[in-house]
Amino acid sequence: MKIREIFCRSILSPSKIPGCDYTLNPYVGCQHSCCWCYAKFMKGYTGHDEEEWGSFVDVKINAPEVLIKEMRKLKNSPEIFFSSVCDPYQPLEGKYKLTRQCLEILSPFPFPVSILTQSKLVTRDIDLFKKFKNIEVGMSFITMDEKATRIFQPMAALPKQRVETLKKLHQAGIKTYLHLGPILPIFTNFEEIFKVVCPWVDSVMGETLNTRGENWTNLIKTLSFHYPKLLPEFKKWKFQNPEYLCQVKSDFKKAAQKYKIGVSGIYTHGEN
Numbered sequence: 000m001k002i003r004e005i006f007c008r009s010i011l012s013p014s015k016i017p018g019c020d021y022t023l024n025p026y027v028g029c030q031h032s033c034c035w036c037y038a039k040f041m042k043g044y045t046g047h048d049e050e051e052w053g054s055f056v057d058v059k060i061n062a063p064e065v066l067i068k069e070m071r072k073l074k075n076s077p078e079i080f081f082s083s084v085c086d087p088y089q090p091l092e093g094k095y096k097l098t099r100q101c102l103e104i105l106s107p108f109p110f111p112v113s114i115l116t117q118s119k120l121v122t123r124d125i126d127l128f129k130k131f132k133n134i135e136v137g138m139s140f141i142t143m144d145e146k147a148t149r150i151f152q153p154m155a156a157l158p159k160q161r162v163e164t165l166k167k168l169h170q171a172g173i174k175t176y177l178h179l180g181p182i183l184p185i186f187t188n189f190e191e192i193f194k195v196v197c198p199w200v201d202s203v204m205g206e207t208l209n210t211r212g213e214n215w216t217n218l219i220k221t222l223s224f225h226y227p228k229l230l231p232e233f234k235k236w237k238f239q240n241p242e243y244l245c246q247v248k249s250d251f252k253k254a255a256q257k258y259k260i261g262v263s264g265i266y267t268h269g270e271n
């Protein structure tokens, strides 16, 4: 793992994510190294073209100072999301605490803040979350299968650890949500996951698989090596087909309804 400390010029990035005005990424790159990660495109913009995604992280050590300056220029009350192209609580956050420092700066403001992570480290900041007027913390899942999780996401928390994290957050009075994505046929079982998390989440959202570029090729490589017998069946799925996407939405909503969980949205990656 190559760790590089860098200085950033800006830290709030205008976003096209539904319901989100700005994203805040304290790091470039992510140690979790998820095989389907859409954020691989960042390599081309950050001087990491020849490096494998998951083998490097750039640490924006001046992120808090830059955030203070940018907050002074904001004239409205935007929603800020941690993070779009990295996990804000990846292991390095334990050392650098950049996410925490940025949250400390935001805590006095009424801006809605949303966090999404796959790390149990997020519970470290429960004391800080309680200072916010409007904050929600989400945990991302794909499966309850521990072996598959470790194959697809080598450095992320295991499913049971994620459930326990949601429980701790919820019991502390923090608004919580589940992000189920990317939804993978064979591996993602809506009912199995919803049954376990339903006491600890206020809502769920789903996201289908983004099959563009390296996202698809790297996933296929992983499946070929670890699940060769499943590969032919997996390749039959037409992930961008409208019928498939409609069926996923329907199954997702039915499972959520069964366990009395509100659905905040289902984001689909359709035809290019």
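Anchor point for the sequence shown: position 20 equals 19 in numbering that gives the first Met the number 0, and the numbering is continuous, going up by one each time. Think of the CB as a built atom: it goes at the ideal place given N, C-alpha and C, for glycine as much as any other residue.
For residue i and residue j, I'd like the C-alpha separation in whole angstroms.
{"i": "residue 230", "j": "residue 65", "result": "46 Å"}
{"i": "residue 116", "j": "residue 137", "result": "6 Å"}
{"i": "residue 81", "j": "residue 88", "result": "9 Å"}
{"i": "residue 6", "j": "residue 75", "result": "27 Å"}
{"i": "residue 108", "j": "residue 132", "result": "8 Å"}
{"i": "residue 183", "j": "residue 161", "result": "18 Å"}
{"i": "residue 12", "j": "residue 92", "result": "20 Å"}
{"i": "residue 121", "j": "residue 212", "result": "31 Å"}
{"i": "residue 70", "j": "residue 99", "result": "16 Å"}
{"i": "residue 268", "j": "residue 179", "result": "14 Å"}
{"i": "residue 10", "j": "residue 228", "result": "44 Å"}
{"i": "residue 167", "j": "residue 129", "result": "13 Å"}
{"i": "residue 242", "j": "residue 185", "result": "18 Å"}
{"i": "residue 72", "j": "residue 250", "result": "44 Å"}
{"i": "residue 8", "j": "residue 79", "result": "18 Å"}
{"i": "residue 127", "j": "residue 57", "result": "25 Å"}
{"i": "residue 248", "j": "residue 146", "result": "26 Å"}
{"i": "residue 233", "j": "residue 224", "result": "14 Å"}
{"i": "residue 246", "j": "residue 97", "result": "40 Å"}
{"i": "residue 51", "j": "residue 2", "result": "13 Å"}
{"i": "residue 271", "j": "residue 27", "result": "Low confidence applies to residue 271: its pLDDT is 42, below 50, so where it sits in the model is not reliable, and the reading given next is rough at best. Cα to Cα, residue 271 sits roughly 26 Å from residue 27."}
{"i": "residue 157", "j": "residue 61", "result": "31 Å"}
{"i": "residue 258", "j": "residue 172", "result": "21 Å"}
{"i": "residue 275", "j": "residue 106", "result": "As displayed, the chain neither begins before 0 nor continues past 271, which places residue 275 out of reach and without an answer."}
{"i": "residue 67", "j": "residue 123", "result": "23 Å"}
For the candidate residues the options, whose alpha-carbon lies nearest to that of residue i?
{"i": "residue 101", "options": "22, 205, 215 and 225", "result": "22"}
{"i": "residue 226", "options": "248, 148 and 201", "result": "148"}
{"i": "residue 208", "options": "61, 145, 244 and 85", "result": "244"}
{"i": "residue 235", "options": "219, 130, 267 and 170", "result": "219"}
{"i": "residue 265", "options": "204, 170 and 169", "result": "204"}
{"i": "residue 95", "options": "263, 237, 260 and 4", "result": "4"}
{"i": "residue 260", "options": "83, 202, 134 and 67", "result": "202"}
{"i": "residue 0", "options": "139, 210 and 55", "result": "55"}
{"i": "residue 163", "options": "146, 150 and 177", "result": "177"}
{"i": "residue 31", "options": "77, 144, 150 and 15", "result": "150"}
{"i": "residue 77", "options": "111, 33 and 106", "result": "111"}
{"i": "residue 14", "options": "233, 247 and 84", "result": "84"}
{"i": "residue 16", "options": "246, 248 and 206", "result": "206"}
{"i": "residue 155", "options": "139, 67 and 170", "result": "139"}
{"i": "residue 189", "options": "67, 27, 33 and 262", "result": "262"}
{"i": "residue 144", "options": "187, 119 and 123", "result": "187"}
Cβ of residue i within 8 Å of Cβ of residue j?
{"i": "residue 141", "j": "residue 181", "result": "yes"}
{"i": "residue 222", "j": "residue 199", "result": "no"}
{"i": "residue 63", "j": "residue 114", "result": "no"}
{"i": "residue 35", "j": "residue 240", "result": "no"}
{"i": "residue 90", "j": "residue 59", "result": "no"}
{"i": "residue 29", "j": "residue 86", "result": "yes"}
{"i": "residue 216", "j": "residue 238", "result": "no"}
{"i": "residue 135", "j": "residue 159", "result": "no"}
{"i": "residue 152", "j": "residue 33", "result": "yes"}
Is the beta carbon of residue i within less than 7 Å of some heavy atom of the ligand FAD?
{"i": "residue 160", "result": "The ligand FAD is absent from the structure shown, which contains no ligands of any kind."}
**Request:** Would you list, in sequence order, the uninterrupted beta strand (DSSP E) runs of no fewer than 3 residues that lie entirely inside the region 96 to 156?
**Result:** Runs of the beta strand (DSSP E) inside the region 96 to 156: 112 to 116 and 134 to 140.
**Message:** Quick check for students: name the residue ranges of the beta strand (DSSP E) that lie wholly in the region 151 to 230, counting only runs of 3 or more.
**Reply:** 174 to 182 and 202 to 207
**Item:** contact_flag[the region 249 to 257, the region 189 to 205] where n(CB pairs < 8 Å) is 3 or more
**Value:** yes
**Message:** My parser needs the alpha helix (DSSP H) runs of 4 or more residues fully inside the region 51 to 100; what are they?
**Reply:** 62 to 70 and 92 to 95
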